[in-house]
């Protein structure tokens, strides 16, 4: 099995991601090779959160794999992770007048094309986001170019269950373990590890949603799903009884009648066969109990609860009977999703990259969310006309800046701000 295949299995919820760690010749930010593992080196305070299966009152074990088998959880995680994975992450330099985009920064290719030979940037960000949403932490090891060049060479994602965090002498140390190579481990300093914790960060790890917020919601959803499968999986479920006036029916005869009935009518494909009764047998229907009658409502409530935990509007995962307070139009709903759900994750990723991968305080990376916030074509073009300047009003964007937003090539004379010449067309105004 290839390492990329194993990595993808880990991304899909396969427990431990089988990613080969950087070899000992890889260097750290200080230029030193990573030290061999030893208990003495990790003698500090250990991580308080580990990744055991979370049990709950519903009596169902909740793991990464079982949680992702719930349609609402899968929809929320794939929606958020997919949205972040598709966002561009350009690099800027601060200037006296604001900022300027650095088109050829060496880190731009890693962040937007391939952070490591194992995966593309979209898969990388999806993996880190899903790790954050399910386990409360996202990890990626930073490998450097050489002992004399601290430039970032690659970003290697790690599954949270293969990472142990400890505090030693006021610094965080990460033990990275790879089961694929016999459980061998390396120690990585905090400067060489992208670590994005979720809510409840205690200095070592974030709170694991599988053990907290999702513990009951996912457990109940799993129990309801299992009950639904049993409820509909057999057409011979006891919604009726067979009775007889005879008092001589033995236990053996009753067992044979039950077995014969199951053979004839058991399973969805035999559920509607006509019944032939003999020997004085009669069918007495049973009323559907209230628990079964409320099964669908229970599942919908759990789906809504899961959406609430992840901060996803219910209508975005198919609960179309629920209204939204994000606005009535597609544009307003998209903006609300970006502002209230995605930004809390994007800001953490940006700050961790700027702190450890970009050490120049004048250079920074920032996700571009304009694509998710764009409205319909007419509204967007009206906004562009206002930005360029119309009806004699001065503009605040150049023609080429607007064309770049629409992925169009620049035009001659389109790099000057319109001063408000009402008699000239926009492209001419820009050159005034």
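Residue numbers (my numbering): 244 to 675. Ideal Cβ positions, reconstructed from N, Cα and C, are used throughout, including at glycine.
Give a yes or no on whether the C-beta atoms belonging to residue i and residue j are separated by under 9 Å.
i: residue 394; j: residue 440; result: no
i: residue 642; j: residue 657; result: yes
i: residue 547; j: residue 578; result: no
i: residue 419; j: residue 433; result: no
i: residue 554; j: residue 448; result: no
i: residue 552; j: residue 452; result: yes
i: residue 640; j: residue 630; result: yes
i: residue 549; j: residue 315; result: yes
i: residue 305; j: residue 457; result: yes
i: residue 400; j: residue 428; result: no
Using a Cβ-Cβ cut-off of 7 Å (strictly less than) and excluding sequence neighbours within five positions of residue i, which residues of its own chain qualify?
i: residue 385; result: 395, 398, 435, 436, 437, 599 and 600
i: residue 365; result: 328 and 329
i: residue 325; result: 369
i: residue 584; result: 323, 554 and 555
i: residue 653; result: 643 and 646
i: residue 638; result: 630, 631, 632, 660 and 661
Is residue i helix, strand or coil by DSSP?
i: residue 448; result: coil
i: residue 623; result: helix
i: residue 500; result: helix
i: residue 579; result: helix
i: residue 599; result: helix
i: residue 458; result: helix
i: residue 655; result: coil
i: residue 341; result: strand
i: residue 676; result: Residue 676 falls outside the range modelled here, since the chain spans only 244 to 675, and no answer is possible.
i: residue 633; result: coil
i: residue 645; result: helix
i: residue 560; result: helix
i: residue 423; result: helix
i: residue 428; result: strand
i: residue 347; result: coil
i: residue 312; result: coil
i: residue 662; result: coil
i: residue 590; result: helix
i: residue 367; result: helix
i: residue 650; result: coil
So, at 8 Å on beta carbons, what are the nonlocal neighbours of residue i in its own chain, with the 5 sequence-adjacent residues on each side left out?
i: residue 610; result: 327, 330, 331, 332, 589, 592 and 593
i: residue 503; result: none
Distance check for residue j and residue i, CA to CA, integer angstroms please.
i: residue 405; j: residue 375; result: 14 Å
i: residue 647; j: residue 362; result: 28 Å
i: residue 659; j: residue 354; result: 31 Å
i: residue 636; j: residue 334; result: 32 Å
i: residue 323; j: residue 372; result: 8 Å
i: residue 347; j: residue 649; result: 21 Å
i: residue 655; j: residue 392; result: 41 Å
i: residue 634; j: residue 644; result: 20 Å
i: residue 557; j: residue 563; result: 7 Å
i: residue 307; j: residue 377; result: 7 Å
i: residue 313; j: residue 544; result: 13 Å
i: residue 608; j: residue 597; result: 6 Å
i: residue 413; j: residue 442; result: 22 Å
i: residue 339; j: residue 424; result: 51 Å
i: residue 626; j: residue 613; result: 13 Å
i: residue 407; j: residue 357; result: 26 Å
i: residue 501; j: residue 459; result: 37 Å
i: residue 431; j: residue 368; result: 21 Å
i: residue 387; j: residue 628; result: 46 Å
i: residue 603; j: residue 595; result: 13 Å
i: residue 454; j: residue 632; result: 54 Å
i: residue 321; j: residue 311; result: 10 Å
i: residue 586; j: residue 624; result: 26 Å
i: residue 341; j: residue 450; result: 37 Å
i: residue 661; j: residue 381; result: 45 Å
i: residue 497; j: residue 426; result: 57 Å
i: residue 576; j: residue 651; result: 27 Å
Identify the residues that DSSP records as bridge partners of residue i: which are they?
i: residue 607; result: 335
i: residue 442; result: Beta-bridge pairing links residue 442 to no other residue.
i: residue 383; result: 400 and 437
i: residue 362; result: 359
i: residue 415; result: 410
i: residue 320; result: Paired residue(s): none; residue 320 is not in a bridge.
i: residue 555; result: None; residue 555 has no bridge partner.
i: residue 395; result: 387
Whose C-beta lies closer than 6 Å to the C-beta of residue i among residues of the same chain, with five residues either side of it excluded?
i: residue 351; result: 334
i: residue 345; result: 334 and 336
i: residue 605; result: 336 and 337
i: residue 343; result: 336
i: residue 318; result: 560
Check whether the Cβ of residue i lies closer than 9 Å to any Cβ atom in chain B.
i: residue 600; result: Among the chains of the structure shown, chain B does not appear; only one protein chain is present.
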